[in-house]
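Visitor: My questions will all concern the structure given below.
Numbering (our numbering), first residue to last: 483 to 671.
Following this line, the structure appears as structure tokens:
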């Protein structure tokens with residue numbers, strides 16, 4: 483896939499996903515703080531977890547982008563682009579709750595330390611940060627560095643796939659949020 487098409491596709495996914503996250507901050511407070519009967523996270527906790535996880539993913543993405551740009555001076559970009567093998571099909575499984583077993587680290591668990599508006603502002607900033615990374619790698623430079631991803635045994639991901647992973651993680655929690663909202667509606671009947 484051509485870099486401009488790939489970047490546009492990832493950017494569109496991010497805008498859609500982050501917009502969907504943002505819409506949940508407008509939900510009624512009792513809905514955002516409803517705890518499902520099975521003991522899962524509330525909508526507010528899911529939103530906080532996404533922001534926390536994005537923080538740590540973006541540290542790796544930023545480092546990868548910096549290293550990819552450095553590698554652009556020593557590697558043949560055309561050769562690397564031609565040899566690129568994305569694990570897109572496996573990445574697409576990330577947004578499906580229950581598709582694989584993985585326990586998130588404790589430091590990514592919601593703690594309730596930020597208000598809803600603070601989490602919303604963090605998520606807006608994270609979207610802009612993802613877009614800035616993509617803008618710094620407009621010609622395919624993101625393929626020039628890979629970072630290991632242990633989740634779902636994905637292995638080494640280039641910068642584009644790492645940003646795509648972040649979006650799929652957002653989608654995973656959007657599905658969980660929808661399940662909480664459905665449970666809330668069912669309990670209200």
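All residues carry an ideal CB built from backbone N, CA and C; glycine is no exception.
Could you check where the beta strand (DSSP E) with residue 610 kicks off and where it finishes?
Guide: Careful: residue 610 lies outside any beta strand (DSSP E), inside the alpha helix (DSSP H) at 598–618.
Visitor: Under 7 Å Cβ to Cβ from residue 645, same chain only, skipping five residues before and after it: list those, please.
Guide: Excluding sequence neighbours, residue 645 sits near 492, 543, 612, 615, 616.
Visitor: According to DSSP, is residue 629 helix, strand or coil?
Guide: Strand, per DSSP.
Visitor: Closer than 7 Å by C-beta to residue 513: which residues in its own chain qualify, once you throw out the five before and the five after it? Chain order, please.
Guide: Excluding sequence neighbours, residue 513 sits near 525, 663, 666.
Visitor: Quick check: the Cα distance between residue 555 and residue 623, rounded to an integer number of angstroms?
Guide: Answer to the nearest angstrom: the Cα atoms are 10 Å apart.
Visitor: Which one or two residues does DSSP pair with residue 512 in a beta bridge?
Guide: DSSP output for residue 512 lists no bridge partner at all.
Visitor: Taking the Cβ atom as the reference point for each residue, do residue 650 and residue 577 lie within a distance shorter than 8 Å?
Guide: The answer is yes: Cβ separation under 8 Å.
Visitor: Tell whether a beta-carbon distance below 8 Å holds between residue 550 and residue 639.
Guide: Cβ distance not < 8 Å, so residue 550 and residue 639 don't count as in contact.
Visitor: Under 8 Å, do residue 572 and residue 636 count as touching if we go by C-beta distance?
Guide: Against a cut-off of 8 Å, the Cβ pair of residue 636 and residue 572 comes out as a contact.
Visitor: Would you kindly check if the distance between the Cβ of residue 523 and the Cβ of residue 592 is under 8 Å?
Guide: In this structure, residue 523 lies closer than 8 Å to residue 592 by Cβ.
Visitor: Roughly how many angstroms separate the alpha carbons of residue 658 and residue 558, rounded to a whole number?
Guide: Taking the straight line joining both Cα atoms gives about 42 Å.
Visitor: Report all residues from its chain with a CB closer than 6 Å to the CB of residue 630; omit the five preceding and five following residues, and keep chain order.
Guide: Excluding residues within five positions, the ones whose Cβ falls inside 6 Å are 638.
Visitor: Please report how far the alpha carbon of residue 527 lies from the alpha carbon of residue 561, in whole angstroms.
Guide: Cα to Cα, residue 527 sits roughly 44 Å from residue 561.
Visitor: From the DSSP output, read off the bridge partner residues of residue 640.
Guide: BP columns for residue 640 point to 628.
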